[in-house]
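Engineer: The numbers in UniProt numbering rise by one with no breaks, and the one at position 582 of the sequence shown is 582.
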Amino acid sequence: MHSSLDDPFLLVYQDDADHGRHYSVPAYAAAQGLDARRLPYVARVLIENALRHESAAHDRRPHAQALLRTYHPDAPKDAEPADVWLHPARVLAQDVSGIPSLIDLAAMRDAIQARGGDPARINPHIPVDLIVDHSLIAEQAGHAGARAANEASEYARNRERYTFLKWAQESFDNLRLVPPGKGILHQINIEYLAEVATLRTTASGARVTCPDTLVGTDSHTSMVNALGVLGWGVGGIEAEAAMLGDALVFRAPEVVGVRLHNRPAPGVTATDIVLSLTRILREAKVVEQFVEFTGDALDGALTLEDRATLSNMAPEYGSTCAYFPVDEETLSYLLRTGRDPQQVERVRLYARASGLWREPGAEPPGYSRIVDVDLAQIGRVAAGPNKPQERIALAEVPVSFRKAANAMPAAADSSLPEGAVVLAAITSCTNTSNPRLLVAAGLLARKAVALGLRPQPWTKTSFTPGSRVVTDYLQASGLQAALDQLGFQTAGYGCATCAGLSGSLAPEVEQAIATRNPRVAAVLSGNRNFPGRVHPLARANYLASPALVVAYALAGTVERDLEQDPVGWRADGTPVRLQELWPADEEIDAIVAAHLNPGLYTRRYGDIFDGDPAWQDLPTSAGACYPWDDQSLYLRRPPYLDVPTQDGAVRLTDARALLILGDSVTTDHISPANEIPPQSSAGRYLQSLGVAPEDLHTYLARRGNHRVMMRATFAQPTLANELLPQGPAGATRHQPDGEVMPVYDAAMRYREAGVPVVVIAGKDYGTGSSRDWAAKGTRLLGVRAVISESFERIHRSNLVNMGVLPLQFPPGVTRLSLGLDGGETYDIEIHAGLAPRGQVSCVIRGKNASQPLTLTCRLDNEHEIRIWRAGGILPAVLRQALADPQASNKQHTQAQHT
């Protein structure tokens, strides 16, 4: 290899003008007297990104230098870890967060035009892929016509949203759109979109090969880490910043090595491994850190599909990413999913030349620490009843349910038994991207059908795979027929139950729950089971492998230990146990080998960007600016572009607490996703405008209408507001009069009176999905600051990007130790010279005394301080575009879809 274009670190690794040049981290490290092999692989990706974007200043590369010092175990350490300034190669979006992001860009175009500028200047600067997968509701299930019925309903309900997307597809450059019905974004990403090594043009004009990197508007973007592609979930607001050419700036996280040993025992699935891993890594406290996998299990014990299942649930164990280095298994997967062999060979050459290739038996790099996981010690498990990290053996499921049921109303006499599984869903890219998991479910179903077993009448069964390829191999193998007989017909291709869009239960089941209060459960092959997320009537929820979902549907209850108790009974009354139904690994492998081939993927992905007739029949419109409909109840121009700056010293005087919340408040609590209840604040608002109760739709679908979403903020029924311990849901206590009212009404009354408001919370505020509306709604309610014991990474970043100040209590100080009851006022002063993670003074005045506190400001770097001072990322970008007419196009030609 030799240097190119007079840059000592821009090397040529093959004689190909288009693909042969790359920025070499090994050469850069060697110039500093360091061996790049000691760097974690994920750190090599970050350093390459810095080298490439600092290429115009060859004599000084401060970001690359700081990252090298931070991550190389032999480098001299700076006083503080470096800041990462990541310029991702692309953005991946789903419709729920992607549509609001495009609405924001459309609003920016309006603002540019209103000020006499050219609205067409506002475009994504880097490639954006938007996949419509979060709007399918599994309302119909368990019969052959379920998919067609659900898709027809999806188009009927989402006509305005989809029409907007067709306008965006025509109007915005650098945007590709995958219409509904094609699959789940993360599965499409790993099976088709991800390149591993990609081409980009630097600011100095060099065309170079570089790592494929991305951010996604969904937490589980980390699934693609299994391919050696660095990416993770961000909020929609943060994704907009990336779209518009802004760097993602954050404190360089620690890289924790997770050393995987040995092989899984027979009958243990990738789902069992990831649920166990989630508990192990939560206990190891990897929150906001990078996880990188290493160890001998990477040398043949796990397929790439198994790795994808493990990487997918990084948000559940709290890490930012869950990275596997590129190796032979990576290339094998690319070939078996139909990728171009020439591209696969380019990946090999580039990964080897750039130091991103892992050899079998390689020594682990220098991690900040290592967590050891012995795969041979993992058995069949579930996780629940409330959190993904609550991994339990199957024998513990009945015990855990009874323990959780103590907090639920006792059941009266009912035909619906205690512990009934009212929902059994094979769902989520976490597991449907893994053929071995679905083949295992199909084989178990075939054995069950042969023995005469059927699901219980109260169990709603559904199957929503993340790729159409799944249907192809299950039908070809004959396994779909067995699944069909048990009610697991395909109900559509989308997130569905995993996103809380599970639809209604049978009317008689819902009636029994409503009138007789039986304590019931759901079992799903998803990745989240927070209370109220899966289905509002199922307060106990268990995550399990697809095969176990089928088994629990047959049992119809979580009150049995399926390892010991019967799953069901034959017609002659003899019991059938799980061991009789569970397929051997050899059976699974034979089916996979016989029925999966690259042709399935090339055929299905050949039309991935083409819509079906229903999509084609939607109206289209042209023009740089979107023709807003003032009567629309789905899409409205957002109001948060014209906001004041927060320059100099900022004081909040006599602020009130809008809510006081406990630990582990999720973004599901702050911004619910489920169907809009008629009695909710948003439901009453829509009905006042003539919407029938049956047409209220979901909060997800109405995220383009801020008037609905403001009323939805903090409205999840399971959110416990300590200002109002006995409810009702979505309400708070207004001060100083003490009147109980909806949170939205209280916020508007405070606004009219000129009273600033804050939110008080406990630990891990903002866990869960990367929902931009959890931050947008907070800002639109007038919340100026959130004061908590700690924050989850994505939501904290979203708050900053909406101009809301995240503040952290000192160690040992909590809302409980302060005795807060809601009658207090808060005086908060932010100094003009605020530094990253600086101190903020706060005086709390209550009925007893004044309590002065010093809070930590969780603006973690100078970039975040600038964004917060500007009132948020969108006002900041708009002001920049207005000040510099060329700003919006500076990087536009550097990264295009190919």
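The C-beta atom is built at its ideal place from N, Cα and C for all residues, glycine as well.
Tell me whether residue 599 sits in a helix, a strand or coil according to DSSP, three-state version.
Structural biologist: Residue 599 falls in the helix class under three-state DSSP.
Engineer: Can you look up residue 881 in the DSSP assignment and give me helix, strand or coil?
Structural biologist: Residue 881 falls in the helix class under three-state DSSP.
Engineer: Between the C-alpha atoms of residue 111 and residue 154, what's the straight-line distance to the nearest angstrom?
Structural biologist: Rounded to the nearest angstrom, the two C-alpha atoms are 32 Å apart.
Engineer: If residue 182 sits next to residue 620, beta carbons under 8 Å apart, how far is it from one beta carbon to the other, in whole angstroms?
Structural biologist: Not confirmed; about 19 Å, so no contact.
Engineer: Pick from 634, 450, 808, 475: whose alpha carbon is nearest that of residue 576?
Structural biologist: If we check each option's Cα against that of residue 576, 450 comes out closest.
Engineer: For residue 292 versus residue 257, is the C-beta spacing smaller than 9 Å?
Structural biologist: Yes, Cβ-Cβ distance for residue 292 and residue 257 is below 9 Å.
Engineer: Which value, in whole angstroms, describes the spacing of the CA atoms of residue 221 and residue 231?
Structural biologist: Their Cα atoms are separated by approximately 6 Å.
Engineer: Where does residue 776 land, buried or exposed, given buried means 16+ other C-beta within 10 angstroms?
Structural biologist: So residue 776 ends up on the buried side.
Engineer: Quick check: the segment 182-196 against the segment 638-658, are there 3 or more CB pairs under 8 Å?
Structural biologist: Too few Cβ pairs lie closer than 8 Å, so no.
Engineer: Taking 9 Å as the cut-off, decide whether the C-beta atoms of residue 768 and residue 647 are in contact.
Structural biologist: Contact: no.
Engineer: Quick test of the definition: if touching needs 3 or more C-beta pairs under 8 Å, does the segment 95-113 touch the segment 70-83?
Structural biologist: No, the segment 95-113 is not in contact with the segment 70-83.
Engineer: Taking the C-alpha atoms as reference points, what is the distance between residue 65 and residue 695?
Structural biologist: Taking the straight line joining both Cα atoms gives about 56 Å.
Engineer: Is it buried or exposed for residue 579, if we count other Cβ within 10 angstroms and need 16 for buried?
Structural biologist: Classification for residue 579: exposed.
Engineer: Do you know how far the Cα of residue 392 is from the Cα of residue 930?
Structural biologist: This structure cannot settle anything about residue 930, because the visible part of the chain is limited to 1 through 898.
Engineer: Within 10 angstroms of its Cβ, does residue 285 collect 16 or more other Cβ (buried), or is it exposed?
Structural biologist: It is exposed - the Cβ of residue 285 has fewer than 16 other Cβ atoms within 10 Å.
Engineer: I need the DSSP call for residue 7, collapsed to helix, strand or coil.
Structural biologist: Of the three classes helix, strand and coil, the one that applies to residue 7 here is strand, per DSSP.
Engineer: Residue 683: buried (16+ other C-beta within 10 angstroms of its C-beta) or exposed?
Structural biologist: By the neighbour-count rule (16 or more Cβ atoms within 10 Å), residue 683 is buried.
Engineer: From the DSSP output, in three-state form, read off residue 174 for me.
Structural biologist: Coil.
Engineer: How is residue 805 classed by DSSP in three states: helix, strand or coil?
Structural biologist: Three-state DSSP puts residue 805 in a strand.
Engineer: So what does DSSP say about residue 460, is it helix, strand or coil?
Structural biologist: Here residue 460 sits in strand by DSSP.
Engineer: Hey, quick one: how far does the beta strand (DSSP E) through residue 393 stretch, first residue to last?
Structural biologist: Segment 391-393, the beta strand (DSSP E) holding residue 393.
Engineer: Within a Cβ cutoff of 8 Å, which residues of the same chain sit near residue 88, ignoring the five residues on either side of it in sequence?
Structural biologist: Only 126, 213, 214, 215, 231, 242, 248 meet the Cβ criterion.
Engineer: Figure out for me which residue from 326, 136, 616 has the closest Cα to the Cα of residue 226.
Structural biologist: Comparing Cα positions, the closest option is 326.
Engineer: Mind pulling the alpha helix (DSSP H) runs of 4 or more residues that sit fully within the segment 471-521?
Structural biologist: Runs of the alpha helix (DSSP H) inside the segment 471-521: 479-485, 507-516.
Engineer: Which residue comes first and which comes last in the beta strand (DSSP E) that contains residue 215?
Structural biologist: Segment 213-216, the beta strand (DSSP E) holding residue 215.
Engineer: Give the range of the alpha helix (DSSP H) segment to which residue 293 is assigned.
Structural biologist: Not the alpha helix (DSSP H): residue 293 falls in the beta strand (DSSP E), residues 290-294.
Engineer: According to DSSP, residue 850 sits in a beta bridge with which residue or residues?
Structural biologist: DSSP lists 845 as partners of residue 850.
Engineer: Tell me which same chain residues have a C-beta within less than 7 Å of the C-beta of residue 891, skipping the five on either side of it?
Structural biologist: With a pLDDT of only 42 at residue 891, under the threshold of 50, the placement of this residue in the model should not be trusted, and no figure is reported.
Engineer: Roughly how many angstroms separate the alpha carbons of residue 622 and residue 633, rounded to a whole number?
Structural biologist: Taking the straight line from one Cα to the other gives about 22 Å.
Engineer: If you compare alpha carbons, which of 733, 550, 833, 624 is closest to residue 103?
Structural biologist: Ranking the options by Cα distance to residue 103, first place goes to 624.
Engineer: Using 8 Å as the threshold, is the segment 348-359 in touch with the segment 33-49, meaning 3 or more CB pairs across them?
Structural biologist: Yes, the segment 348-359 touches the segment 33-49.
Engineer: Under 9 Å between the Cβ atoms of residue 362 and residue 500?
Structural biologist: The answer is no: Cβ separation not under 9 Å.
Engineer: Helix, strand or coil for residue 685, going by three-state DSSP, please let me know.
Structural biologist: Of the three classes helix, strand and coil, the one that applies to residue 685 here is helix, per DSSP.
Engineer: Which residues mark the beginning and the end of the alpha helix (DSSP H) in which residue 85 is found?
Structural biologist: Note, residue 85: premise wrong, no alpha helix (DSSP H); beta strand (DSSP E) at 83-86.
Engineer: Would you call the segment 261-275 and the segment 302-311 in contact, with 3 or more CB pairs under 8 Å?
Structural biologist: The segment 261-275 vs the segment 302-311: in contact.
Engineer: Rounded to the nearest angstrom, what separates residue 470 and residue 264 at their Cα positions?
Structural biologist: So the two alpha carbons sit approximately 24 Å from each other.
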